[in-house]
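Peer 1: Note that the sequence shown covers residues 1 to 429 in my numbering. Could you have a look at this structure, given as structure tokens, before my questions?
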Amino acid sequence: MAKFTFAAFALFATLSGVEGFSAVPKTGVRTVITRDIKTPDPVPFEGQEEALELMRTGRMYRYNVKSAEESTVSKCEQEVIDYTGHKYCVALNSCGSALMLLLKTSGLEHGGEVISNAFTFGAVPSAIEHAGGKAVYVESDYNHVMDCDDLDKKLEAHPACKHVLISHMRGKIADMDKIAEICEKHDAILLEDCAHSLGVRWNDKHTGHKGIACAISSQSYKMINSGEGGFFLTDDALMAAKCAVYAGAYEGLASKHTTVPGPEVFGDLPKELPNYSLRMSALAAAVIRPQLKTLDERIEKYNARYNKLTKQVEERAGQYLSIPQNTPGMSPVHDSLQFNLSHDITDEQVQMFLDECASHGLPVELFGHKSNARNFVNWGFAPAEDPLPMTGKMLSRACDVRMPLMWDDKDFDDMADVLVESLLAVVKN
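Here it is, written out as structure tokens:
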């Protein structure tokens, strides 16, 4: 990250007279955004029609079909694994449920330790708590990914820990080859939270293949939108069977699935495991299905907008912030913008910057804010027992901005203007 001093900046600005350093555009009027930053992607007409047909027939329960092949949920599960390349898939009511079942199906014992990122959404430690585990946190760096060296240290310090649940927060991927190597070294099971990484690839495969299983999300602010929803993905037959039973495939209902193993794998599982009733409804699956067809097209649009936006911001205000860098080997999906403000900017100025952006129509979130659910200090239900200085310092300057697909290209020029104008207004004062 580039460093600067306000004295040097003031001297340069005075001597150079460069207009680019002005917080006020040449028009003399600050840019204001009037679009809703939380505009979700609409459900394609095809999905609306299928959902309406389900409501007309009343067959919204995934198992209320004559055969697995007729099930809207089964069709959706098949289309998901056609995209990600996994062998088995179970559709669930949320990604949080999928995360919890990753741990349950991989043998986590009550009170067992689970290592995860210190920087992630509160749903991840919640899933660990839900599964009966105890969270242990690994530092996250300024690229917003898990620090490999600290993972090695934490596994060394916690030899009884046999589960690592890595979170690809905001679609940012750590060096997964190294992560997998460290887990193998310590005989730890690697699981992947891919809630934010649908469409993101590591080398030649979709994310979620370095671990033995993964979870993706269809919550409204993800790449597929069903309001709430999630998918459990794996190549492990026994884990898939257990997941289906935990989700609610009681008695012989596993036969109404097409993306789980055969009855020889299920055996007596329906009698041995509890039914948590975590199934995805046919309505959710119906609205997801057509969105899967346009994933690559939308990813291309997101990435083009992101590249232009980050170029504009870096060129005009790069001395005051840094953009997290992609790990070599990943193919990204940039459906939101993150940046780290310089530590030469004070805490007070950070808040002033957030206020400036908000007053000009652009909500910007600070990951380290005292109320942010992505700040580990707010996880009182699963508190960190070890200091996390790197993550804490990073979060104190890490900012997050949504990039709604339904906005027009011009709106992202306005976004760049508001960000730069707000930041310069703060540092010049």
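Virtual Cβ for every residue (Gly too), placed ideally from N, Cα, C.
Going by CA-CA distance only, name the one from D175, D268, R397 and N340 that's closest to E348.
Peer 2: For the purposes of this step, residue 348 is taken as residue 348 along the sequence shown, with counting starting at 1. Comparing Cα-Cα distances from E348 to each of D175, D268, R397 and N340, the minimum goes to R397.
Peer 1: Report the CB separation of V114 from H163 in whole angstroms; it is logged as a contact under 8 Å.
Peer 2: For this step, residue 114 is matched to residue 114 along the sequence shown. For this step, residue 163 is matched to residue 163 along the sequence shown. That pair is a contact at about 4 Å.
Peer 1: Grab the span of the beta strand (DSSP E) containing F339 for me, first residue to last.
Peer 2: By one-based count along the sequence shown, residue 339 stands at place 339. Taken as a continuous stretch (DSSP letters only), the beta strand (DSSP E) holding F339 covers S336 to L341.
Peer 1: Out of curiosity, what's the CA-to-CA distance linking Y320 and E365?
Peer 2: As a first step, residue 320 is located in the sequence shown; it is residue number 320 there, counting from the start. As a first step, residue 365 is located in the sequence shown; it is residue number 365 there, counting from the start. Going from the Cα of Y320 to the Cα of E365 covers about 17 Å.
Peer 1: Taking only three categories from DSSP, how would you classify D347?
Peer 2: Here residue 347 is taken as the residue at index 347 of the sequence shown, counted from 1. DSSP places D347 in helix when its eight states are reduced to three.
Peer 1: Tell me the residue span of the beta strand (DSSP E) that contains N117.
Peer 2: Residue mapping note: residue 117 aligns to position 117 of the sequence shown, counting from 1. E113 to N117 is the extent of the beta strand (DSSP E) around N117.
Peer 1: Run through the stretch 370-404 for me and flag every whole beta strand (DSSP E) of 3 or more residues, listed as ranges in chain order.
Peer 2: 398-402
Peer 1: Is F21 helix, strand or coil by DSSP?
Peer 2: As a first step, residue 21 is located in the sequence shown; it is residue number 21 there, counting from the start. Caution applies to F21, whose pLDDT of 45 falls short of 50 and renders its modelled position unreliable; the value that the coordinates give is listed next. F21: helix per DSSP, three-state reduction.
Peer 1: Using a Cβ-Cβ cut-off of 7 Å (strictly less than) and excluding sequence neighbours within five positions of S220, which residues of its own chain qualify?
Peer 2: Start at 1 with the first residue of the sequence shown, and residue 220 comes out as number 220. The answer, listed in chain order, is P40 and G227.
Peer 1: Assuming contact is defined by CB atoms lying nearer than 9 Å, are T310 and L341 in contact in what I supplied?
Peer 2: Here residue 310 corresponds to residue number 310 of the sequence shown, with the count starting at 1. Here residue 341 corresponds to residue number 341 of the sequence shown, with the count starting at 1. It is not a contact, given that the beta carbons lie outside the stated cut-off.
Peer 1: Could you give the uninterrupted runs of the beta strand (DSSP E) lying entirely in the stretch 226-265, keeping only those of 3 residues or more?
Peer 2: 230-234
Peer 1: Would you please state the rounded distance, in angstroms, between the beta carbons of L92 and M280? I believe it to be under 8 Å.
Peer 2: Along the sequence shown, read from residue 1 onward, the residue named residue 92 stands at position 92. Along the sequence shown, read from residue 1 onward, the residue named residue 280 stands at position 280. Their Cβ separation, rounded to whole angstroms, is 6 Å, which keeps L92 and M280 in contact under 8 Å.
Peer 1: Write down the C-beta distance between V418 and I33 rounded to the nearest angstrom, noting that I regard them as a contact closer than 8 Å.
Peer 2: Locating residue 418 in the sequence shown gives position 418, counting from the first residue. Locating residue 33 in the sequence shown gives position 33, counting from the first residue. About 6 Å separates the two Cβ atoms, so the contact holds.
Peer 1: Tell me the rounded alpha-carbon separation between M169 and M55.
Peer 2: Here the question's residue 169 lines up with position 169 in the sequence shown. Here the question's residue 55 lines up with position 55 in the sequence shown. M169 and M55: Cα-Cα distance of roughly 35 Å.
Peer 1: Would you give the residue range spanned by the beta strand (DSSP E) that E425 belongs to?
Peer 2: In the sequence shown, counting from the first residue as 1, residue 425 sits at position 425. Note on identity: in this sequence residue 425 is Ala, with Glu being the wrong assignment. For A425, no beta strand (DSSP E) run applies; the uninterrupted alpha helix (DSSP H) run containing it begins and ends at D409 to K428, by DSSP.
Peer 1: Is there at least one non-hydrogen atom of the ligand ATP closer than 8 Å to the beta-carbon of A244?
Peer 2: Of the ligands one can find in the structure shown there are none, so the ligand ATP has no counterpart to examine.
Peer 1: May I ask you to verify whether the stretch 352-372 touches the stretch 396-413, counting CB pairs closer than 8 Å and requiring at least 3?
Peer 2: Between the stretch 352-372 and the stretch 396-413, the count of Cβ pairs shorter than 8 Å is three or higher; the stretches touch.
Peer 1: Answer yes or no: do A254 and P270 have a C-beta to C-beta separation smaller than 9 Å?
Peer 2: Within the sequence shown, residue 254 is the residue found at index 254, counting from 1. Within the sequence shown, residue 270 is the residue found at index 270, counting from 1. Yes.
Peer 1: Rounded to whole angstroms, what is the Cα-Cα separation between F119 and E251?
Peer 2: For the purposes of this step, residue 119 is taken as the residue at position 119 of the sequence shown. For the purposes of this step, residue 251 is taken as the residue at position 251 of the sequence shown. Their backbone Cα atoms lie some 40 Å apart in a straight line.
Peer 1: With DSSP run on the structure shown, which of helix, strand or coil describes R201?
Peer 2: In the sequence shown, residue 201 corresponds to position 201, counting from 1. It is a strand residue.
Peer 1: Judging by CA-CA distance, which residue of C183, R289, D235 and I128 is the nearest neighbour of K75?
Peer 2: Position 75 of the sequence shown holds residue 75. When only C-alpha atoms are compared, the closest one is R289.
Peer 1: On a Cα-Cα basis, can you pick out the residue from A285, A131 and R30 that is closest to Y61?
Peer 2: As a working note, residue 61 is residue 61 in the sequence shown. Ranking the options by Cα distance to Y61, first place goes to A285.
Peer 1: Determine which residues share a DSSP beta bridge with S167 and list them.
Peer 2: Within the sequence shown, the letter at position 167 stands for residue 167. DSSP lists D193 as the beta-bridge partner residues of S167.
Peer 1: Alpha carbon to alpha carbon, how far is D335 from N303? Give it in angstroms, no decimals.
Peer 2: As a working mapping, residue 303 is identified with position 303 in the sequence shown. As a working mapping, residue 335 is identified with position 335 in the sequence shown. Computed Cα separation, rounded: 7 Å.
Peer 1: Identify whether R30 lies in helix, strand or coil by the three-state DSSP scheme.
Peer 2: Residue mapping note: residue 30 aligns to position 30 of the sequence shown, counting from 1. The answer is coil: DSSP assigns R30 none of H, G, I, E or B.
Peer 1: Could you pull out every residue in the same chain whose Cβ sits closer than 7 Å to the Cβ of V145, ignoring the five residues on either side in sequence?
Peer 2: By 1-based counting over the sequence shown, the position of residue 145 is 145. The beta carbon of V145 is closer than 7 Å to those of K172, I173, A174 and T327 in its chain, skipping five residues each way along the sequence.
Peer 1: Name the two residues that bound the continuous alpha helix (DSSP H) containing K134.
Peer 2: The sequence position of residue 134 within the sequence shown is 134, counting from 1. That residue, K134, is in no alpha helix (DSSP H); its beta strand (DSSP E) goes K134 to V138.
Peer 1: Who are the Cβ neighbours of D411 in its own chain at under 6 Å, not counting the five residues just before and after it?
Peer 2: Working through the sequence shown from its first residue, we reach residue 411 at position 411. Around D411: R35.
Peer 1: Roughly how many whole angstroms lie between the Cα atoms of M415 and L395?
Peer 2: Along the sequence shown, one-based indexing puts residue 415 at 415. Along the sequence shown, one-based indexing puts residue 395 at 395. Cα-Cα distance, rounded: 22 Å.
Peer 1: With respect to the alpha helix (DSSP H) encompassing Y221, which residues constitute its N-terminal and C-terminal limits?
Peer 2: What you label residue 221 is simply residue 221 of the sequence shown in a count that begins at 1. Per DSSP, Y221 belongs to no alpha helix (DSSP H) and is neither H nor E.
Peer 1: Quick check: the Cα distance between F21 and V427, rounded to an integer number of angstroms?
Peer 2: Position 21 of the sequence shown, counting from 1, holds the residue named residue 21. Position 427 of the sequence shown, counting from 1, holds the residue named residue 427. Annotation note: pLDDT 45 at F21 (below 50); position unreliable, coordinate value reported separately. Whole-angstrom Cα-Cα distance: 10 Å.
Peer 1: Once DSSP output is grouped into helix, strand and coil, what is the label at M146?
Peer 2: As a first step, residue 146 is located in the sequence shown; it is residue number 146 there, counting from the start. Here M146 sits in strand by DSSP.
Peer 1: Is A215 buried or exposed, if buried means 16 or more other CB atoms sit within 10 Å of its CB?
Peer 2: Numbered from its first residue, the sequence shown carries residue 215 at position 215. Buried, by the Cβ-count rule.
Peer 1: Using alpha carbons as the reference points, say which of G267, A384 and L424 lies closest to E356.
Peer 2: The sequence position of residue 356 within the sequence shown is 356, counting from 1. Per the Cα distances, L424.
Peer 1: Can you give the Cα-Cα distance for K205 and M330, rounded to whole angstroms?
Peer 2: On the sequence shown, position 205 is the one that residue 205 refers to. On the sequence shown, position 330 is the one that residue 330 refers to. Answer to the nearest angstrom: the Cα atoms are 9 Å apart.
Peer 1: With H, G and I counted as helix, E and B as strand and the rest as coil, what does DSSP make of C89?
Peer 2: Working through the sequence shown from its first residue, we reach residue 89 at position 89. Here C89 sits in strand by DSSP.
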